[in-house]
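Engineer: Below you will find the structure I want to go over with you.
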Amino acid sequence: MDLKTSYRASPASLRPTYTGGPVTVTPDGLYLLTTLHSASVYITHIASSRVVAQIKGDGTPITAMAVAPNAEGEFTILTAHQSLSVRYYPFSTTEAAAFLAEPSTKIPFLTFTRQLTRAQTHPSPILSLSVSPRIPNSDATLFATGSADGTVKVWDTTGGFVTHVFRGHGGGVSAFAWRFSRPGAYISTAAPTTEYANAPKSEDGRVMQLITGSVDTRVRIYDLLDQTAKGRPKHVLEGHNSVVRGLDVSSDEGIGRWLVSAGRDRIVLVWDLSQKTPKVVQTLLTSESLETVGLISHLKGVDGLACFTGGEKGQVRLWDVLRGKQVAVVPGLEVEEGDEDEHGLAYVFYNADTDSTVAVHHDQNIVIASLSELAVTRQIIGFNDEVIDSIFLSATAPDSHLVLATNSNLIRIYDARTMDARLLGGHTDVVLCLDKSPDGKWLVSGSKDNTARVWTHDERGWRCIAIAQGHAEAIGAVAMSRTGSKFLFTASQDRTVKMWDLSELDTTASEPVHLKSLATMRIHEKDINALDVSPNDGLLVSGSQDKTLKLFSIDYRAPTAKQAASGSIKQLGLCKGHKRGVWSVKFSTTDRVVASGAADRTIRLWSLDDFTCVKTFEGHTNSVLRVGFLSRGMQLVSTASDGLVKLWNIREEECVKTLDGHEDKIWALALSSDERTIVSGGADSVVNLWQDCSAEEQKEATEKMEKQVADEQDYQNYVSLKDYKRAIQLALAMAQPGRLLNLFNRVYESRDGKSITGSAEVDAVIDTLSAKDLVRLLKFVRDWNTKAKTSGVAQRILEAIVRNKSPNELVRMFEVASSKHAEVEEDVVEPNVAAEAEPAKRPRATTADLISLQDLLDGLLPYTERHLNRIERTLVDSYMVDYILGEMDGGVFDLGTLEVDEVDATEMALDV
Numbered sequence: 002m003d004l005k006t007s008y009r010a011s012p013a014s015l016r017p018t019y020t021g022g023p024v025t026v027t028p029d030g031l032y033l034l035t036t037l038h039s040a041s042v043y044i045t046h047i048a049s050s051r052v053v054a055q056i057k058g059d060g061t062p063i064t065a066m067a068v069a070p071n072a073e074g075e076f077t078i079l080t081a082h083q084s085l086s087v088r089y090y091p092f093s094t095t096e097a098a099a100f101l102a103e104p105s106t107k108i109p110f111l112t113f114t115r116q117l118t119r120a121q122t123h124p125s126p127i128l129s130l131s132v133s134p135r136i137p138n139s140d141a142t143l144f145a146t147g148s149a150d151g152t153v154k155v156w157d158t159t160g161g162f163v164t165h166v167f168r169g170h171g172g173g174v175s176a177f178a179w180r181f182s183r184p185g186a187y188i189s190t191a192a193p194t195t196e197y198a199n200a201p202k203s204e205d206g207r208v209m210q211l212i213t214g215s216v217d218t219r220v221r222i223y224d225l226l227d228q229t230a231k232g233r234p235k236h237v238l239e240g241h242n243s244v245v246r247g248l249d250v251s252s253d254e255g256i257g258r259w260l261v262s263a264g265r266d267r268i269v270l271v272w273d274l275s276q277k278t279p280k281v282v283q284t285l286l287t288s289e290s291l292e293t294v295g296l297i298s299h300l301k302g303v304d305g306l307a308c309f310t311g312g313e314k315g316q317v318r319l320w321d322v323l324r325g326k327q328v329a330v331v332p333g334l335e336v337e338e339g340d341e342d343e344h345g346l347a348y349v350f351y352n353a354d355t356d357s358t359v360a361v362h363h364d365q366n367i368v369i370a371s372l373s374e375l376a377v378t379r380q381i382i383g384f385n386d387e388v389i390d391s392i393f394l395s396a397t398a399p400d401s402h403l404v405l406a407t408n409s410n411l412i413r414i415y416d417a418r419t420m421d422a423r424l425l426g427g428h429t430d431v432v433l434c435l436d437k438s439p440d441g442k443w444l445v446s447g448s449k450d451n452t453a454r455v456w457t458h459d460e461r462g463w464r465c466i467a468i469a470q471g472h473a474e475a476i477g478a479v480a481m482s483r484t485g486s487k488f489l490f491t492a493s494q495d496r497t498v499k500m501w502d503l504s505e506l507d508t509t510a511s512e513p514v515h516l517k518s519l520a521t522m523r524i525h526e527k528d529i530n531a532l533d534v535s536p537n538d539g540l541l542v543s544g545s546q547d548k549t550l551k552l553f554s555i556d557y558r559a560p561t562a563k564q565a566a567s568g569s570i571k572q573l574g575l576c577k578g579h580k581r582g583v584w585s586v587k588f589s590t591t592d593r594v595v596a597s598g599a600a601d602r603t604i605r606l607w608s609l610d611d612f613t614c615v616k617t618f619e620g621h622t623n624s625v626l627r628v629g630f631l632s633r634g635m636q637l638v639s640t641a642s643d644g645l646v647k648l649w650n651i652r653e654e655e656c657v658k659t660l661d662g663h664e665d666k667i668w669a670l671a672l673s674s675d676e677r678t679i680v681s682g683g684a685d686s687v688v689n690l691w692q693d694c695s696a697e698e699q700k701e702a703t704e705k706m707e708k709q710v711a712d713e714q715d716y717q718n719y720v721s722l723k724d725y726k727r728a729i730q731l732a733l734a735m736a737q738p739g740r741l742l743n744l745f746n747r748v749y750e751s752r753d754g755k756s757i758t759g760s761a762e763v764d765a766v767i768d769t770l771s772a773k774d775l776v777r778l779l780k781f782v783r784d785w786n787t788k789a790k791t792s793g794v795a796q797r798i799l800e801a802i803v804r805n806k807s808p809n810e811l812v813r814m815f816e817v818a819s820s821k822h823a824e825v826e827e828d829v830v831e832p833n834v835a836a837e838a839e840p841a842k843r844p845r846a847t848t849a850d851l852i853s854l855q856d857l858l859d860g861l862l863p864y865t866e867r868h869l870n871r872i873e874r875t876l877v878d879s880y881m882v883d884y885i886l887g888e889m890d891g892g893v894f895d896l897g898t899l900e901v902d903e904v905d906a907t908e909m910a911l912d913v
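Here it is as structure tokens:
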């Protein structure tokens with residue numbers, strides 16, 4: 002079996018997208034906009050749960066957000082910030098669709114095109130922002146901003162200027178609604194209908210009104226076409242006794258007749274706007290504090306007006322408005338009594354085109370439901386908090402679902418193919434650990450509520466079928482049988498392990514059964530962090546904060562007609578060696594060893610024969626939290642508090658790959674059955690899906706090697722043919738400065754004495770290089786110039802360039818080389834074909850091989866000056882040598898002044 006060598010992060014990896022704050026949906030109902038950590042916006046494609054774009058913002062919290070259609074058929078995102086500015090961000094659905102077709106782990110950022118400054122907007126934070134329908138007989142829209150000081154401003158979306166200013170609210174503006182007459186459905190001023198005889202209208206029959214709700218409990222109606230109003234409301238509607246949180250206007254008969262308003266006073270008021278003074282015609286008693294209300298264009302079973310409400314109970318309720326009767330409840334997250342503040346609804350959006358609602362809960366869970374079928378179609382979890390454990394299940398197919406335990410009492414279950422999520426409620430405190438049955442059909446979970454639960458999936462969905470109750474403290478580890486035997490182990494902070502009988506489970510029962518404990522044993526002196534059962538169900542291993550591992554034999558007897566099930570465990574051995582608490586233990590699937598990861602930053606392999614440590618793996622810089630076996634026990638994968646996932650070869654005891662995709666502790670580790678996917682989940686709320694790319698990388702490496710061999714042969718052919726132009730271009734493209742250096746040295750050795758580089762042809766090649774090739778060559782020249790041995794080549798090439806290129810030309814070529822629209826490089830012909838043959842593609846170097854003009858000068862000047870100084874010193878030294886030699890010839894040995902005898906003696910001495 003081939004060993005794994007590398008994994009890559011999948012675009013399907015789960016990252017936080019919503020932590021509370023403004024939320025909105027595009028008018029087509031296809032994209033969801035959520036705020037993360039108050040300052041960023043993530044745009045998610047609802048049908049696939051994939052993030053397609055993000056907005057960084059201005060660094061201050063985003064207080065309100067809306068989406069406006071633009072003239073190009075795309076959208077403009079408007080964001081209001083705590084800095085009191087409003088920004089425009091263009092969002093292209095065409096580009097989003099292209100991103101979905103070719104997914105990437107790098108999410109594109111949107112850039113704002115206009116900003117309304119604090120001096121233009123409001124002196125207080127903007128609490129609400131809403132975009133109008135299209136203005137009658139126009140493609141333009143307006144948008145309204147409402148601030149904490151009770152001021153409302155209406156803006157022209159395209160021009161970015163204020164059209165109206167309304168004051169008079171007794172507090173912050175909390176809700177908006179627009180009442181525009183539709184094109185072709187204006188109210189005739191000549192012969193108005195009886196029903197709308199008193200309705201406000203302009204001279205040409207248009208109606209343009211803005212309706213606002215405020216914390217002062219009043220609803221105000223402003224006429225945008227009344228030039229005499231001077232900012233005063235047309236009507237002030239009283240009826241609520243708490244802040245107004247939702248407003249909506251019907252679209253019947255071309256102009257909205259009905260207005261619904263909802264507040265935290267637990268009622269919905271229905272107003273008839275066709276009267277001269279709007280009147281309440283119906284009151285809906287909802288028995289919950291409301292956060293939103295909206296009218297529905299059509300609802301099955303309702304002939305007249307229908308609406309939805311959402312509030313503290315976390316349910317989207319559907320109402321027959323005029324009859325004042327609740328007709329249905331949209332399925333979604335069920336909120337337990339007392340959890341309203343955590344799981345209640347913050348926003349609900351209705352889209353008539355998709356006939357669906359998007360319900361946003363306070364706990365960052367987003368539920369999309371179809372109103373025609375009254376069924377949940379998708380669920381998106383905006384924030385998983387700290388991911389504690391994970392596991393793959395095979396509910397409908399192998400590895401069909403990914404299960405996460407987070408810092409919550411709700412278990413997250415994702416469809417591994419579509420990443421559609423569901424929440425399992427049952428535990429009353431945080432879920433700490435997960436395990437599964439051998440076939441992947443059953444899930445077991447342990448919680449801080451001191452219980453373990455067994456779950457299954459059938460046509461009724463996910464449900465609990467058994468509860469194990471008996472521990473005195475939180476359950477931190479669970480382990481099921483690996484062969485299908487009907488037993489389960491749980492370990493608790495009460496230092497005990499319990500063995501449970503699963504033989505009496507009835508998957509068809511409507512209520513979960515309470516499991517019977519077969520054995521209980523106190524096995525450690527500190528918290529038990531991990532359990533695992535051997536592949537043959539013969540052994541149990543535990544890891545504890547007391548720095549030890551303990552191994553036990555398992556004795557389980559299935560029930561018979563005469564005898565009930567029985568079971569027990571017996572300690573076989575103790576593994577000592579870790580210097581700190583043990584966080585994870587795992588049996589090998591093939592060898593008689595068990596792996597452990599501990600807070601001492603090491604992974605150890607222990608022999609099951611004599612319980613000694615046989616191998617130690619060091620490399621993590623913090624506590625090792627999870628370990629697992631790969632490749633039939635020949636490899637290990639580990640996660641740690643340093644935020645890294647490491648892949649180890651056991652035989653060589655070396656780390657072959659480190660995966661960096663987290664910013665905090667990695668508590669969760671799961672492996673798919675085919676080992677092609679590794680899941681890591683951490684305290685940073687990130688769940689990375691790492692896909693095996695060993696074969697792809699090996700293929701790429703082979704192709705790269707073959708290409709290098711082919712390029713090498715091409716280069717040798719060019720040199721042998723003295724085709725210096727293509728040889729130089731190929732060496733530059735392959736980023737091989739050594740070959741270029743050898744080529745220039747060889748040319749200079751056989752220099753003609755008339756050219757700078759030693760060959761007129763090479764001089765001509767350098768003069769005709771493209772911008773990118775020239776800049777790349779200058780980078781090599783800069784590097785060669787740093788050494789005395791190669792500085793001569795560097796100076797010759799530099800001279801050849803500066804003699805033929807003016808400073809302005811060099812500046813322009815650097816600009817072209819760094820531009821996205823740089824000139825296309827020439828292709829190179831194969832050496833074994835005629836020059837007039839079709840050119841073949843040659844390797845392209847990336848822009849990372851380029852440098853800036855300033856970097857070039859900073860690298861060239863100091864070394865060039867040093868070389869010049871060295872030459873000058875050498876020249877001065879050469880004069881001194883010449884002088885000494887001259888003195889030796891005519892000074893010290895001047896024989897003309899000696900007598901004959903002295904000459905003879907001197908000659909004899911010289912001979913000697």
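According to the numbering used here, the residues represented by the sequence shown are 2 to 913, in order.
Virtual Cβ for every residue (Gly too), placed ideally from N, Cα, C.
Treat the numbers as computed from the prediction; the structure is a model and nothing was measured.
Alpha carbon to alpha carbon, how far is T865 from A801? Give it in angstroms, no decimals.
Structural biologist: Along the sequence shown, read from residue 1 onward, the residue named residue 801 stands at position 800. Along the sequence shown, read from residue 1 onward, the residue named residue 865 stands at position 864. So the two alpha carbons sit approximately 16 Å from each other.
Engineer: Can you tell me the Cα-Cα spacing of L248 and N530, whole angstroms?
Structural biologist: As a working mapping, residue 248 is identified with position 247 in the sequence shown. As a working mapping, residue 530 is identified with position 529 in the sequence shown. Distance between the alpha carbons of L248 and N530 is about 52 Å.
Engineer: Can you grab the Cα-Cα spacing for the pair E688 / L15, in whole Å?
Structural biologist: The residue labelled residue 688 in the question sits at position 687 within the sequence shown. The residue labelled residue 15 in the question sits at position 14 within the sequence shown. The sequence given here has Val at residue 688, not Glu. Roughly 5 Å separates the two Cα atoms.
Engineer: For a minimum of 3 consecutive residues, which ranges assigned as the beta strand (DSSP E) are wholly contained in the region 507-569?
Structural biologist: Runs of the beta strand (DSSP E) inside the region 507-569: 517-523, 529-534, 540-545 and 550-558.
Engineer: Take K499 as the anchor and find which of K57, F488 and S438 has the nearest alpha-carbon.
Structural biologist: Within the sequence shown, numbered from 1, the residue matching residue 499 stands at position 498. If we check each option's Cα against that of K499, F488 comes out closest.
Engineer: Enumerate in chain order the residues of its own chain whose CB-to-CB distance from T80 is below 6 Å, with the five nearest sequence positions on each side excluded.
Structural biologist: On the sequence shown, residue 80 is found 79 positions in, with the first residue counted as 1. The residues are I63, M66 and R88.
Engineer: Which residue marks the beginning of the beta strand (DSSP E) containing N138, and which one marks its end?
Structural biologist: Taking the sequence shown and counting its residues from 1, the one referred to as residue 138 is at position 137. First-last for N138: undefined, no H or E at that position.
Engineer: Could you check whether the region 476-483 touches the region 425-445, counting it as contact only if at least three pairs of C-beta atoms, one from each stretch, sit closer than 8 Å?
Structural biologist: With a cut-off of 8 Å, the region 425-445 and the region 476-483 count as touching, because enough Cβ pairs lie within range.
Engineer: Less than 7 Å between C-beta atoms, sequence neighbours within five positions excluded: which residues of the same chain meet that for A641?
Structural biologist: Mapped onto the sequence shown, residue 641 falls at position 640. Answer for A641: H621, N623, S624, V625, L626 and I667, listed in chain order.
Engineer: Are the Cβ atoms of L225 and L211 separated by less than 8 Å?
Structural biologist: Reading the sequence shown from its first residue, position 224 is the one you call residue 225. Reading the sequence shown from its first residue, position 210 is the one you call residue 211. Yes, Cβ-Cβ distance for L225 and L211 is below 8 Å.
Engineer: Tell me whether the beta-carbon of D547 lies closer than 8 Å to the beta-carbon of K580.
Structural biologist: Your numbering for residue 547 matches position 546 in the sequence shown. Your numbering for residue 580 matches position 579 in the sequence shown. The answer is no: Cβ separation not under 8 Å.
Engineer: Within the region 412-448, note down every full beta strand (DSSP E) run reaching 3 residues or more, in order along the chain.
Structural biologist: Listed in chain order, they are 412-416, 422-425, 432-437 and 444-448.
Engineer: Whole angstroms are fine: how far does the CA of G644 sit from the CA of S391?
Structural biologist: Position 390 of the sequence shown, counted from the start, is the residue given in the question as residue 391. Position 643 of the sequence shown, counted from the start, is the residue given in the question as residue 644. In a straight line, the C-alpha of S391 is about 16 Å away from that of G644.
Engineer: Taking S554 and I524 to be in contact with their CB atoms under 8 Å, please state how far apart those CB atoms are, rounded to whole angstroms.
Structural biologist: For the purposes of this step, residue 554 is taken as residue 553 along the sequence shown, with counting starting at 1. For the purposes of this step, residue 524 is taken as residue 523 along the sequence shown, with counting starting at 1. Going by Cβ atoms, the distance from S554 to I524 rounds to 13 Å, so no, they are not a contact pair.
Engineer: Using the rule of at least 16 other Cβ atoms within 10 Å of the residue's Cβ for burial, across every protein chain shown, is L503 buried or exposed?
Structural biologist: The sequence position of residue 503 within the sequence shown is 502, counting from 1. With 16 or more other Cβ atoms within 10 Å, it is buried.
Engineer: Start and end of the alpha helix (DSSP H) containing N870?
Structural biologist: Taking the first residue of the sequence shown as position 1, residue 870 is located at position 869. Per DSSP, N870 belongs to the alpha helix (DSSP H) from L854 to E888.
Engineer: Who does P70 pair with in a DSSP beta bridge?
Structural biologist: Counting from one through the sequence shown, the residue named residue 70 turns up at place 69. In the DSSP output, where bridge partners are listed per residue, P70 has F76.
Engineer: Spatial neighbours of D386 within its chain, please: CB distance less than 7 Å, with the 5 preceding and 5 following residues excluded, ordered by chain position.
Structural biologist: As a working mapping, residue 386 is identified with position 385 in the sequence shown. Answer for D386: T407, N408, S409 and S686, listed in chain order.
Engineer: Check E619 in the structure and name its three-state DSSP category.
Structural biologist: Counting from one through the sequence shown, the residue named residue 619 turns up at place 618. E619 falls in the strand class under three-state DSSP.
Engineer: Decide yes or no for the touch test of the region 35-51 against the region 126-143: beta carbon pairs closer than 8 Å, at least 3 of them.
Structural biologist: No, the region 35-51 does not touch the region 126-143.
Engineer: Enumerate in chain order the residues of its own chain whose CB-to-CB distance from Y719 is below 7 Å, with the five nearest sequence positions on each side excluded.
Structural biologist: Position 718 of the sequence shown, counting from 1, holds the residue named residue 719. Once the five neighbours on either side are set aside, the close Cβ partners of Y719 are R727, A728, L731 and P832.
Engineer: To the nearest angstrom, report how far apart L238 and L285 are at their CA atoms.
Structural biologist: On the sequence shown, residue 238 is found 237 positions in, with the first residue counted as 1. On the sequence shown, residue 285 is found 284 positions in, with the first residue counted as 1. Distance between the alpha carbons of L238 and L285: 17 Å.
Engineer: Inspect the beta-carbon positions of E289 and G312 and report whether they are closer than 8 Å.
Structural biologist: In the sequence shown, counting from the first residue as 1, residue 289 sits at position 288. In the sequence shown, counting from the first residue as 1, residue 312 sits at position 311. For E289 and G312, yes; Cβs fall inside 8 Å.
Engineer: If we count Cβ pairs, one from each stretch, closer than 8 Å, do we get three or more for the region 628-641 versus the region 584-602?
Structural biologist: Cβ pair count under 8 Å is three or more, so yes.
Engineer: Apart from the five residues just before and just after V132, which ones in its own chain have a Cβ nearer than 6 Å to its Cβ?
Structural biologist: By 1-based counting over the sequence shown, the position of residue 132 is 131. For V132, where only same-chain residues beyond five positions count, the Cβ hits under 6 Å are A67, A69, T142 and F144.
Engineer: Quick test of the definition: if touching needs 3 or more C-beta pairs under 8 Å, does the region 704-721 touch the region 420-430?
Structural biologist: Touching, no, given that fewer than three Cβ pairs across the two stretches are closer than 8 Å.
Engineer: Ends of the alpha helix (DSSP H) at Q796?
Structural biologist: Within the sequence shown, numbered from 1, the residue matching residue 796 stands at position 795. Segment A789 to N805, the alpha helix (DSSP H) holding Q796.
Engineer: Can you list, in chain order, the residues of its chain whose CB lies under 7 Å from that of E762, leaving out five sequence neighbours each side?
Structural biologist: Sequence index remark: in the sequence shown, residue 762 carries index 761 (1-based). Excluding residues within five positions, the ones whose Cβ falls inside 7 Å are Y725.
Engineer: What are the residues that DSSP puts in a beta bridge with I729?
Structural biologist: Residue mapping note: residue 729 aligns to position 728 of the sequence shown, counting from 1. Answer is none; I729 lacks a bridge partner.
Engineer: Report the start-end ranges of each alpha helix (DSSP H) in the region 688-739 that is 4 residues or longer and not cut off at the edges.
Structural biologist: Listed in chain order, the complete alpha helix (DSSP H) runs (minimum 4 residues) inside the region 688-739 are 695-721 and 725-734.
Engineer: Can you give me the C-alpha to C-alpha distance between S674 and R633, rounded to a whole angstrom?
Structural biologist: Here residue 674 is taken as the residue at index 673 of the sequence shown, counted from 1. Here residue 633 is taken as the residue at index 632 of the sequence shown, counted from 1. Straight-line Cα distance between these residues: approximately 12 Å.
Engineer: Out of curiosity, what's the CA-to-CA distance linking K5 and S695?
Structural biologist: Locating residue 5 in the sequence shown gives position 4, counting from the first residue. Locating residue 695 in the sequence shown gives position 694, counting from the first residue. Their Cα atoms are separated by approximately 6 Å.
Engineer: Are the region 22-42 and the region 117-128 touching by the rule of at least three beta carbon pairs closer than 8 Å?
Structural biologist: The region 22-42 is not in contact with the region 117-128.
Engineer: By Cβ distance, which residues of its chain are closer than 6 Å to T497, with the 5 residues on each side in sequence left out?
Structural biologist: As a first step, residue 497 must be located in the sequence shown, where it is residue number 496. Here the set comprises T521 and R523.
Engineer: Three-state secondary structure (DSSP) at G21?
Structural biologist: On the sequence shown, residue 21 is found 20 positions in, with the first residue counted as 1. Coil at G21, not helix or strand.
Engineer: State the DSSP-derived secondary structure class of F113, mapped to helix, strand or coil.
Structural biologist: Stepping through the sequence shown from its first residue, residue 113 is reached at position 112. Reduced to three states, the DSSP call for F113 is coil.
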